[in-house]
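Quick notes on the structure that follows.
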Amino acid sequence: MDSIIKKLSRIWFRLTHFYLSDADKLRGERVVRGKEQFNKLNQADFVIVSFGKSGRTWLRMMISRVYQLTYGITHKHLLGFDNLHRKNNNIPTIFFTHDNYLKDYTGNSDNKSDYADKKVILLVRHPADVAVSQYFQWRHRMKPNKKAINDYPLQGEDVTLDEFVMKHPAGLTKVIDFLNVWAAEKDVVGDLLIVRYEDLKQSPETILHGIMDFLDSPTDKKTIKEAVEFSSFDNMKKMESSNTFRLSGGRMMPGDKNNPDSFKVRKGEVGGYRQYFSIEQTYLIDEHIERRLSPVYGYKSQNQSQPVQ
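The opening residue of the sequence shown carries number 1291 in our numbering; numbering runs sequentially from there.
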């Protein structure tokens, strides 16, 4: 129902503002979406923030499974804001956001004061892995309007992976800028827990246990273990292929079942960006991150790549 209301409000905006220029229509739609985020933020018990393709679906799956096991809810319902809370009020209302549009409504574009009284989990991932995954998201899953409204290459544009990651404003630079603002504003947030995707991959049960404690939903080791096993990469891929989560909208459906790069669950590797670039390109990417990214996240270069002499 929530997704239907959102779609109708956006359609209504386009129909009633047909006279605006294309640029003003995009700005206006960002404000509409920002208001939606503002309302959810104010209603939420907790917030989970991440840049797109940082592992949010995997984390959502694990948290959902803990609540499903604890309160006897079918596995076909993924946690989405208040849907599980409406099934059992012991489950908190959790707002998942990529923090895309809130600033367009509140005007707080260079700070995180909107989150000043909130308990927030910030899920982060190595910027190069994020940028590469965003490229495949743009090519195979992103809708034309989303490309336009978020300043990605437009529908039909021919952009290579290297061009997207290193040169386009939607690539590596955008990921780093996003992370840097959160790093600079981390003390402004009411209560902030930073979770690195890489740590979650290495010690999923330990990190998930800490996350559930942060969500004021402590649970036992058995439930945590079952939630991690259920949310394995292979099982998530299998469930996406079979449209198991069709009740949760299109977020867990492949763009094309015959194209593995169109799946929401694509690879999920740590450091997988290196396989797509030459040694020299990888060196430039690592150097760029080393130079520009806040040290708060601990993504220091391992100097595994060297420039060609």
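All C-beta atoms in this analysis are idealised placements derived from N, C-alpha and C, irrespective of residue type, glycine included.
ask   = Quick one, which of K1476, V1518 and V1479 has its alpha-carbon nearest E1495's?
value = V1518
message = Helix, strand or coil for L1331? Go by DSSP, reduced to three states.
response = It is helical.
Buried/exposed call for I1569, threshold 16 Cβ in 10 Å = exposed
ask   = Going by DSSP, which residues form a beta bridge with L1413?
value = S1340 and V1485
key: Between the CA atoms of P1417 and E1580 - distance to the nearest angstrom   = 11 Å
task = Identify which residue in Q1358, D1389 and G1397 has its Cα closest to the Cα of I1381.
result = Q1358
key: Span of the beta strand (DSSP E) around T1387   = Boundaries of the beta strand (DSSP E) harbouring T1387: I1384 to T1387, taken from the DSSP string.
Per-residue DSSP class, three states only, for M1520 = Per the sequence shown, the amino acid found at residue 1520 is Phe instead of Met. The answer is helix: DSSP assigns F1520 an H, G or I state.
request  = May I ask you to report which of helix, strand or coil DSSP gives F1454?
outcome  = helix
ask   = How big is the Cα-Cα spacing for Y1587 and T1306?
value = Approximately 44 Å, taken between the alpha carbons.
message = So the candidates are K1393, V1471 and R1320; which of them puts its Cα closest to the Cα of I1439?
response = R1320
key: Endpoints, alpha helix (DSSP H) assigned at I1569   = I1569 to R1582
query = A1474 lies in the alpha helix (DSSP H); which residues open and close that run?
reply = L1462 to A1474
task = For F1371, write down the residues that DSSP places opposite it in a beta bridge.
result = I1384
message = Checking 8 Å against the spacing of the C-beta atoms, do L1392 and F1328 come in under that value?
response = Yes.
query = Within this structure, are the beta carbons of R1346 and L1413 separated by less than 8 Å?
reply = Yes, they are a contact pair.
query = Does the stretch 1392 to 1410 touch the stretch 1469 to 1484, meaning 3 or more C-beta pairs lie closer than 8 Å?
reply = Flag = yes, the stretch 1469 to 1484 and the stretch 1392 to 1410 touch.
message = Just to confirm the assignment, what range does the alpha helix (DSSP H) spanning V1356 have?
response = R1346 to Y1361
message = Whole angstroms are fine: how far does the CA of M1456 sit from the CA of I1575?
response = 7 Å
ask   = Considering L1498, what are the terminal residues of the alpha helix (DSSP H) in which it resides?
value = Note, L1498: alpha helix (DSSP H), P1494 to F1504.
ask   = If you check the beta carbons only, do F1504 and I1411 fall under 8 Å apart?
value = Against a cut-off of 8 Å, the Cβ pair of I1411 and F1504 comes out as a contact.
ask   = Where does the unbroken alpha helix (DSSP H) through A1438 begin, and where does it stop?
value = P1434 to I1439
query = For I1497, which of D1452, G1370, I1353 and Y1405 has the nearest alpha-carbon?
reply = It is I1353 whose Cα lies nearest to the Cα of I1497.
Under the three-state DSSP convention, the category T1306 falls into = Residue state for T1306 is assigned as helix, using DSSP reduced to three classes.
task = Give the secondary structure of R1431 by DSSP, where H, G and I count as helix, E and B as strand, and everything else as coil.
result = coil
message = Check for me: the alpha helix (DSSP H) holding D1394 runs from which residue to which?
response = It spans L1392 to T1396 - the alpha helix (DSSP H) in which D1394 sits, taken as one unbroken run.
query = In or out: Y1361 buried (at least 16 other Cβ within 10 Å) or exposed?
reply = exposed
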